[in-house]
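For reference, each letter of the sequence shown is one residue, going 1 to 143 in the numbering used here.
Virtual Cβ for every residue (Gly too), placed ideally from N, Cα, C.
Heads up: the structure comes next, in C-alpha cells.
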Amino acid sequence: MPWYSAKILFKHKTKNGEVKGLFEERMIVLNVDNESKLETIITDFANTYAEETGNCKFIELIDYYEMDCSGIFDNGQEIFSKMYSTNLTADKFTKSHYFDDRLNDCSKHNCVHSWYKHTENKYKCYYCRKTKQIRTKKNISAS
Ligand SMILES: [Zn+2]
C-alpha cells in the first residue's frame, strides 16, 4: 500500500483579533490503498484537524505526493517535493515564497502568546517569533 504526503492549507482565527490572518501550511503522511479516494481521505483528515483544533478552517488541499518508501522512514526521507519554475533569483524567490511578517513579540501588541510544542525542549508562539524553553525535570534541576 503506497504512502503519500499531502500539503494542506489552514486559516487560523486569533483569540482577540489583534493579529492579522494566520495561515498554516501543514504536511501529513497517509497510507492509502485506493488513490481514487485519496483526496477525500485527505480532506477528511483536514476537516478533523480543523474541528479538533477548534480555531482554524481547512482552506485547500495544496498538493499530494506518492512517497518512494515502504513506510519505514529513514533519516532524510523525503516526504514531499514540488518543483517551481520561475525567473526570480534565489533571493527574490525565497523572500516572496517564504514570506514571514509575523511580529517579533505579539505581547507588545495587546496579544496573548499562543504556545505550541515545537521540539521536545522548546515552545513557539503561533502569532510571533517568540520561543520559550519547556520546563522539564531535567532542565529545572540543571538551572
Ligand atoms: Zn506571541
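Indicate, with yes or no, if ligand 1 has a heavy atom lying under 6 Å from the CB of residue i.
| i | result |
| --- | --- |
| Tyr116 | no |
| His97 | no |
| Tyr127 | yes |
| Lys108 | no |
| Lys130 | yes |
| His113 | yes |
Just curious, the beta strand (DSSP E) that residue i is in, first and last residue?
| i | result |
| --- | --- |
| Asp63 | Cys56 to Glu66 |
| Lys117 | Trp115 to Lys117 |
Nearest to residue i by CA position, among the options, is which residue?
| i | options | result |
| --- | --- | --- |
| Leu146 | Phe10, Thr40, Lys130 and Cys69 | Here the chain has residues from 1 to 143 only, and residue 146 is not among them. |
| Leu61 | His113, Gly21 and Arg26 | Arg26 |
If the criterion is Cβ atoms closer than 7 Å, does the pair residue i and residue j meet it?
| i | j | result |
| --- | --- | --- |
| Cys111 | Tyr127 | yes |
| Ala6 | Ile59 | no |
| Leu38 | Val29 | no |
Grab the span of the alpha helix (DSSP H) containing residue i for me, first residue to last.
| i | result |
| --- | --- |
| Thr40 | Leu38 to Thr53 |
| His12 | His12 -> not in any alpha helix (DSSP H); beta strand (DSSP E) instead, spanning Trp3 to His12. |
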